[in-house]
Structure formats: structure tokens, C-alpha cells
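Read the structure below first, then the notes.
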Amino acid sequence: MATPGYRIGLVGATGQVGKAFLKILEEGPREDLPIAELRLFASERSAGTMMTVLGEAHLVHLAAPDPHVFEGLDLVLTAIGDDLARAFGPAIAQSGAVNVDKSNAWRMDPDVPLVVPEVNPQAAASHHGIIAGPNCSTTQMVVALWPLHQVNPIRRVIVDTYQAVSGTGWRAVDELRSQNTAIAVGSTPEVEVYPHRIAENVIAEIGGLRDGGAYSEELKMIDETRKIMGEPALAIQATCVRVPVMVGHSEAIHVEFAHEMAPDEARAILSTAPGVVVIDDPRAHDYPTPLQAAGRDPVYVGRIRRDASHPRGLSMWVVADNVRKGAALNAIQVFELVARNGWFRGNRDARAPFGNRVAVSAR
Ligand SMILES: NC(=O)c1ccc[n+]([C@@H]2O[C@H](COP(=O)([O-])OP(=O)(O)OC[C@H]3O[C@@H](n4cnc5c(N)ncnc54)[C@H](OP(=O)(O)O)[C@@H]3O)[C@@H](O)[C@H]2O)c1
């Protein structure tokens with residue numbers, strides 16, 4: 031008899047997000063996500079290698095945007111580049127599996143739900159085979175903003191980010207490491223990934239330049255936040271900055287509410303909010319740092335204080351592990367959401383021995 035559980039595919043298994051996803055699975059069984067099969071995929075570079083997951087050796091298969099490759103799978107995470115994800119999504123959906131994609135390929139497609147389970151879980155019910163996860167910097171921001179917005183509607187957000195190099199991919203992590211080493215031994219650091227040296231520097235540019243002077247990461251934060259929070263007219267401005275940190279994005283967020291909100295009230299709301307941990311004792315130098323957030327699940331919030339420039343404003347400091355919370359854990363949470371609610375496409379009871387898998391309603 032087949033092992034009961036879900037059959038999970040992972041395209042981009044050898045990348046940072048893929049490895050973080052596998053690490054979370056290794057940390058212990060997840061009640062809503064028992065695993066019957068794990069099928070790993072990567073490019074020609076890594077295909078044919080073996081990866082050990084949960085004590086079992088798994089072959090890394092060559093990925094191809096072909097439905098046959100994904101046949102029999104229930105849930106497939108794509109943690110690959112945008113262009114690849116655009117090709118893989120329809121093939122995975124055609125195979126009958128649900129594709130959760132971490133790239134930018136589908137996020138703003140009106141037919142694709144963009145889901146952060148702490149904020150808009152219900153959106154995942156109406157997928158057509160593809161569910162997108164937001165940008166890492168958006169994820170941690172909306173997890174912190176949403177509980178406050180429920181109590182006191184947010185009118186305007188200004189966010190400045192301090193983003194780790196791991197947000198760019200493993201090549202950028204290697205580049206920061208090798209630049210640090212080159213500086214330490216007195217040689218000239220090589221610059222390939224970013225337009226400037228990142229070691230001992232700060233780069234006010236993430237993504238491609240768009241009309242009006244914004245970079246694409248800034249527009250992603252604006253558009254995705256509006257879509258996830260269901261507030262298409264929310265006033266929001268972002269400045270996204272790369273800093274020489276390996277893991278952990280930090281954000282200075284300035285929020286204008288409909289009504290005045292005391293910092294203590296915000297602290298009380300956030301301290302019981304799902305996925306949030308408040309660390310806020312500045313006298314003891316206690317506030318979130320990326321080093322502290324690295325490898326952990328929560329979105330950490332601190333430095334909650336009045337905004338001296340606005341009577342209905344609050345400022346706060348929000349930090350999370352961009353690879354884990356910003357991508358891998360979000361994907362696992364979406365898998366769990368789909369599994370728990372049976373939001374698969376078509377009834378697959380015959381294949382999977384548990385779970386009431388009913389067709390999702392067409393929109
Ligand atoms: N890093 C973050 O913090 C973060 C957060 C949110 C979203 N994301 C998004 O998640 C995606 C993955 O990011 P990452 O940081 O994990 O990137 P990464 O470390 O550069 O890994 C990329 C992965 O894609 C695989 N790949 C490359 N070409 C492929 C192909 N033709 N077919 C199948 N697989 C292929 C690579 O496999 P090989 O080993 O064979 O090269 C590798 O496993 C990106 O879209 C990124 O924007 C990343």
C-alpha cells in the first residue's frame with residue numbers, strides 16, 4: 031500500500047529557497063503536510079546529483095516544463111527565476127498538481143492568487159493551478175501591517191528596506207563572501223552580481239530601473255502589498271536598499287492610520303498576531319536584528335514609537351529571515367493551507383488515501 035501523504039515536487043531544490051524548504055521539512059513532521067513522495071528538480075548544472083532529505087538519498091532530476099515530469103504530484107514548489115517559472119507554471123498546473131511559485135512571474139496576474147497565509151488565506155481557494163508567493167520584503171511587511179490594519183485602517187505606508195544579499199540568490203552570497211576575503215587579504219574585490227561592490231557598502235538599487243525613477247523591487251512592494259491586503263488604492267512608497275548582510279531583511283516602516291494609535295496599543299496587537307514576535311525594549315538595546323532573525327520563523331517587530339512628523343503615525347522596525355520566512359516557509363504554509371482545506375483541482379481521493387480533495391470553484 032502506498033505511504034499516505036502528499037506527493038511534493040521541488041523545482042530549484044539546490045538553490046537557497048529550495049534548500050531552506052527542505053531544511054524546514056527536516057526539522058520535524060508537519061501535521062497538515064505528511065509526505066508520501068519528494069521529487070527534486072534542478073537545471074543541468076545539478077541534475078544527476080544526490081541530496082539527502084529526511085535520511086533518504088534523493089536523485090536531483092532535470093527539470094523540464096513538461097506536464098509528464100510532474101505527473102502524480104500533488105503540490106509543486108517552483109523556486110527558480112521569473113522566466114523559467116513562467117514556463118513551468120502552466121506545465122505543472124496541466125499535470126494536475128498545484129504550483130506554488132516564489133518568483134515574480136505570476137504575482138500580479140489577476141487570475142493568480144498572491145497569498146500570505148497570515149493575511150489572505152482565503153485567496154488560495156480560488157486558484158487555477160498556480161498560487162504565487164510575494165517578494166520576501168513584502169511578506170514580512172504585510173505580516174506586520176495586517177493585524178494593525180484590522181483594528182485601525184492604514185492610510186499610508188512609507189518603507190525603507192535594508193536587504194540581505196541572500197535575497198538575490200546564492201551567487202550574491204558567494205560574491206559578498208569572496209569580496210570580504212579579498213578585502214581582508216588586501217586584494218581588489220571582484221564585482222559581478224551588483225553594479226557596485228557590496229562589501230563595506232550600501233547599494234540603493236534593487237531590480238531594474240522603471241519609469242519615474244523607481245526600481246522594480248520598490249514597485250513590487252507597492253503592488254503586492256495592495257493586492258494581498260485587498261487595498262488597491264493604499265498610499266505606499268518604498269526605497270529598497272541592499273546592505274552587506276548575508277541573511278535577514280530589515281525594514282523601517284512608517285504608518286499613517288485612520289485614527290491615532292498609541293505605541294502600547296500597537297505592541298499589544300502585534301504581540302498576539304500570528305507569525306509576529308515583538309522585541310521592543312530599546313533601553314536594554316533590545317530590538318530585532320537580522321542575525322537574530324536568521325534561521326527562524328517569525329517576523330520580528332520592534333522600535334514601535336510615535337512618528338514625530340504625523341499625529342496619526344507610528345514608526346516601527348521589522349526584521350525577518352528573507353529566505354526562510356520570505357520564501358520557503360511561506361510556500362510550506364501555502365501547501366498546508368491547500369492540503370488542510372482540500373483546495374486541490376479535481377478530486378484525487380483515488381490517488382491520495384486521505385483528505386477530502388474537491389475541485390476548487392472556478393471564478
Ligand atoms: N532568496 C530569497 O530570499 C528569495 C525570497 C523570495 C523569493 N525568492 C525567489 O525565489 C526564486 C529562487 O531564489 P533563490 O534565492 O533560491 O535562487 P538561487 O539560490 O539562485 O537558486 C536557483 C535555483 O534554480 C535552479 N535552476 C536554475 N535554472 C534552472 C532550470 N533551467 N531548470 C530548473 N531549475 C533551475 C537552480 O538549480 P542549479 O543548482 O541546477 O543551478 C537552483 O536550484 C527566485 O525567483 C527568487 O526571486 C527568493
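Heads up, the sequence shown is in the numbering used here, so the first residue is 31 and it goes up one at a time. Idealized CB from N, CA, C, for every residue including glycine.
Given that a residue counts as buried once 16 or more other Cβ atoms are within 10 Å of its Cβ, and exposed if not, what is G45? Buried, since its Cβ has 16 or more Cβ neighbours within 10 Å.
Limits of the unbroken alpha helix (DSSP H) element including E61: Counting along the chain, E61 falls outside any alpha helix (DSSP H), and DSSP gives it neither H nor E.
Starting from T108, follow its DSSP beta bridges and name the residues at the other end. Looking at the DSSP assignment, T108 forms a beta bridge with V41, D131.
Where does N231 land, buried or exposed, given buried means 16+ other C-beta within 10 angstroms? Within a 10 Å sphere around the beta-carbon of N231 sit fewer than 16 other beta-carbons, which makes this residue exposed.
Whole-angstrom Cβ separation of L70 and H88, contact assumed at under 8 Å? Yes, they are in contact, since the Cβ atoms of L70 and H88 sit about 5 Å apart, within 8 Å.
Decide if the stretch 108-127 is in contact with the stretch 214-230; the criterion is three or more beta carbon pairs, one per stretch, under 8 Å apart. By the C-beta criterion, the stretch 108-127 is judged not to be in contact with the stretch 214-230, since fewer than 3 inter-stretch pairs fall below 8 Å.
What residue ranges within the stretch 129-216 form continuous alpha helix (DSSP H) runs of no fewer than 4 residues, ordered along the chain? The qualifying runs are 166-181, 200-214.
Distance, A117 Cα to R370 Cα: Roughly 28 Å separates the two Cα atoms.
Rounded to whole angstroms, what is the Cα-Cα separation between E295 and R335? Taking the straight line joining both Cα atoms gives about 11 Å.
Please state whether the Cβ-Cβ distance between E247 and E222 is less than 8 Å. In terms of Cβ geometry, E247 and E222 do not form a close pair [threshold 8 Å].
Would you mind working out which of I299, F287, V47 sits nearest D131, comparing C-alpha positions? For the options I299, F287, V47, the alpha carbon positioned closest to that of D131 is the one of V47.
By how many angstroms is the C-alpha of A212 removed from the C-alpha of A288? One C-alpha to the other measures close to 51 Å.
Simplified DSSP state of M81, which is helix, strand or coil: It is a strand residue.
Pull up the distance between the alpha-carbon of S339 and that of V173, whole angstroms please. About 24 Å.
Any heavy atom of ligand 1 inside 7 Å of the beta-carbon of A43? Yes, ligand 1 has a heavy atom inside 7 Å of this Cβ.
Helix, strand or coil at A50 according to DSSP, with G and I counted as helix: Residue state, collapsed to three classes: helix.
On the DSSP bridge assignment, give the partners of T269 in chain order. T269 pairs with D190.
Please report the residue range of the alpha helix (DSSP H) in which S301 lies. Here the alpha helix (DSSP H) through S301 covers 293-301.
How far does the beta strand (DSSP E) with F287 in it extend, from its first residue to its last? Annotation for F287: the continuous beta strand (DSSP E) segment containing it runs 279-287.
Compare the beta carbon distance of I299 and L178 with 8 Å and say whether it is the shorter of the two. Closer than 8 Å, so yes.
How about Y192 and V273: are their beta carbons less than 8 Å apart? In this structure, V273 lies closer than 8 Å to Y192 by Cβ.
In the structure shown, what three-state DSSP assignment does F100 receive? F100 falls in the helix class under three-state DSSP.
How many angstroms separate the CA atom of D311 from the CA atom of V331? Straight-line Cα distance between these residues: approximately 11 Å.
Hey, out of H157, G325, T269, whose CA is closest to G278's CA? Out of H157, G325, T269, G325 has the C-alpha closest to the C-alpha of G278.
Note down, in chain order, each residue of its chain lying with its Cβ closer than 8 Å to the Cβ of V90, except the 5 sequence neighbours on either side. Answer for V90: A43, T44, L70, F71, A72, S76, A77, G78, T79, M80, M81, listed in chain order.
In chain order, what residues of the same chain lie with their CB nearer than 7 Å to the CB of G197, ignoring the 5 residues before and after it? Taking C-beta separations shorter than 7 Å and ignoring five residues to either side along the sequence, the partners of G197 in its chain run C166, H279, N352, following chain order.
Could I get the ranges of all uninterrupted alpha helix (DSSP H) runs contained in the stretch 334-378, with 4 residues as the minimum, in chain order? Listed in chain order, they are 359-371.
Please identify the residue among H315, V187, G238 whose C-alpha is closest to the C-alpha of Q267. Of the candidates H315, V187, G238, V187 places its Cα closest to the Cα of Q267.
Does the beta carbon of F71 fall short of 7 Å from some heavy atom of ligand 1? Taking the Cβ of F71 as the reference point, at least one heavy atom of ligand 1 falls within a distance shorter than 7 Å.
Please state whether the Cβ-Cβ distance between V275 and A357 is less than 8 Å. Not closer than 8 Å, so no.
Should Q170 be counted as a contact of ligand 1 given a C-beta to heavy atom distance under 7 Å? Not under cutoff, so the answer is no.
Assuming T319 contacts V349 under a Cβ cut-off of 8 Å, what Cβ separation, rounded to an integer in Å, is found between them? Their Cβ separation, rounded to whole angstroms, is 7 Å, which keeps T319 and V349 in contact under 8 Å.
Which of the three DSSP states is assigned to I236 in this structure? Three-state DSSP puts I236 in coil, outside helix and strand.
Contact belief for R37 with G85 at Cβ below 8 Å, rounded distance in angstroms: In fact, because the Cβ distance is near 18 Å, the residues do not count as touching under 8 Å.
Mapping the DSSP letters down to three states, classify E56 as helix, strand or coil. Looking at E56 - three-state DSSP - the assignment turns out to be helix.
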